[in-house]
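Enquirer:
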Amino acid sequence: MKIDAVTIFPEYFSPLQLSLIGKAQENDILDIAIHNLRDYTEDNHHSVDDTPYGGGAGMVMKPEIWGLVLDDLMIPETDLIILTPAGEVFDQRMAEELSKSSHLIFACGRYEGIDARVGQYYSQDEFAAQGIRVREVSIGNYVLGGGEVAALVMIEAITRLLPGVLGNPDSLAEESHVEDGFLEYPNFTKPQTWRGIGVPEILLSGNHAAIAKWRREEAAKKAEK
Ligand code: ADE
């Protein structure tokens with residue numbers, strides 16, 4: 003999978019060098035490139051934003067610069083993700099869907115966001131005909147300073163679903179029910195008693211069917227909350 007992220011703060015993405023995502027890049031399972039939007043500006047001030055039409059507070063990111071960088075990165079079958087608190091809320095199902103993509107571009111807006119015509123432009127038929135899809139996505143109903151942290155969250159949730167990224171692929175099979183709104187069952191390890199609290203007896207029973215049933219029930223209890 004190829005991932006491009008476009009931002010005015012490339013340093014935000016340094017955690018992608020760590021852990022399983024870092025390893026997946028070394029092993030050529032993942033190809034991640036971070037692009038500085040300001041590199042595409044042509045004025046002396048490298049300005050990326052301007053005042054909003056219609057007035058109001060804040061600044062809006064200029065469409066021309068986004069057009070230059072996205073024209074450069076866009077290839078057939080690209081999924082363009084525009085991060086905005088007003089987007090469709092990201093969940094495990096969307097992570098599964100996007101993990102099937104060959105190319106993701108994350109457009110990280112700052113300020114009051116990216117000029118709305120950018121999303122409109124790449125949603126036109128000529129792009130759809132090349133398999134290019136545009137989605138406005140939010141990671142939750144709160145407002146962040148920009149899309150960078152949201153992109154990191156999505157990249158982590160999506161890439162761990164790719165074959166070869168997780169050390170133990172059984173972890174994925176065991177959590178498949180997360181998609182259906184079921185959170186995981188509680189987990190315990192040694193010692194058997196910690197600060198006076200024991201682990202549930204059933205987990206020590208060796209009765210795998212009974213353990214599986216208990217875990218399903220506990221997960222269902224969590225999902226009800
Ligand atoms: N930009 C600002 N807030 C955001 C959110 N909640 N999700 C995605 N992008 C954002």
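Note that the sequence shown covers residues 3 to 227 in my numbering. The beta-carbon is built from N, C-alpha and C at its ideal position, and this holds for glycine as well. Just so we're clear, the structure is a prediction, and the values are computed from it rather than from any experiment.
Under three-state DSSP, which class holds histidine 210?
Expert: Here histidine 210 sits in helix by DSSP.
Enquirer: Is threonine 80 buried or exposed, if buried means 16 or more other CB atoms sit within 10 Å of its CB?
Expert: Threonine 80 should be labelled buried.
Enquirer: Which stretch, first to last residue, makes up the alpha helix (DSSP H) that contains glycine 24?
Expert: Element bounds for glycine 24: 21 to 28.
Enquirer: Would you say the beta carbon of leucine 70 comes nearer than 6 Å to a heavy atom of the ligand ADE?
Expert: Flag unset: Cβ of leucine 70 not near the ligand ADE.
Enquirer: Straight-line CA distance for threonine 43 to isoleucine 10?
Expert: Distance between the alpha carbons of threonine 43 and isoleucine 10: 11 Å.
Enquirer: So, is phenylalanine 15 buried or exposed, given that buried needs 16 or more other C-beta atoms within 10 angstroms?
Expert: Buried, by the Cβ-count rule.
Enquirer: Can you tell me the Cα-Cα spacing of glycine 148 and valine 62, whole angstroms?
Expert: Taking the straight line from one Cα to the other gives about 12 Å.
Enquirer: If we ignore side chains and look at the alpha-carbon of each, how far apart do aspartate 104 and aspartate 33 end up?
Expert: The residue you asked about is not aspartate; residue 104 is serine in the sequence shown. Cα-Cα distance, rounded: 10 Å.
Enquirer: Of the residues Ala35, Ser49, Pro17, Asp51, which one's Cα is nearest the Cα of leucine 75?
Expert: When each option's Cα is compared against that of leucine 75, the closest is Ala35.
Enquirer: Output needed for arginine 40: all residues of its chain with C-beta closer than 8 Å, excluding positions within five of it in sequence on either side, in chain order.
Expert: Around arginine 40: Ile10, His48, Val50.
Enquirer: Heavy atom of the ligand ADE less than 6 Å from the Cβ of leucine 146, yes or no?
Expert: Yes, the Cβ of leucine 146 comes within 6 Å of a heavy atom of the ligand ADE.
Enquirer: Any heavy atom of the ligand ADE inside 6 Å of the beta-carbon of alanine 153?
Expert: Incorrect: alanine 153 has no Cβ contact closer than 6 Å to the ligand ADE.
Enquirer: Less than 7 Å between C-beta atoms, sequence neighbours within five positions excluded: which residues of the same chain meet that for proline 17?
Expert: Same-chain partners within the cutoff: Leu154.
Enquirer: Of the residues Ser140, Arg162, Ile160, Leu163, which one's Cα is nearest the Cα of alanine 152?
Expert: That would be Ser140, whose Cα lies nearest to the Cα of alanine 152.
Enquirer: Express the C-alpha separation of aspartate 52 and glycine 200 in angstroms, rounding to a whole number.
Expert: Roughly 60 Å between the two C-alpha positions.
Enquirer: Could you tell me whether any non-hydrogen atom of the ligand ADE is closer than 6 Å to the CB of isoleucine 141?
Expert: Yes, the beta carbon of isoleucine 141 sits closer than 6 Å to at least one heavy atom of the ligand ADE.
Enquirer: In terms of residues, what are the limits of the alpha helix (DSSP H) holding serine 173?
Expert: Element bounds for serine 173: 172 to 176.
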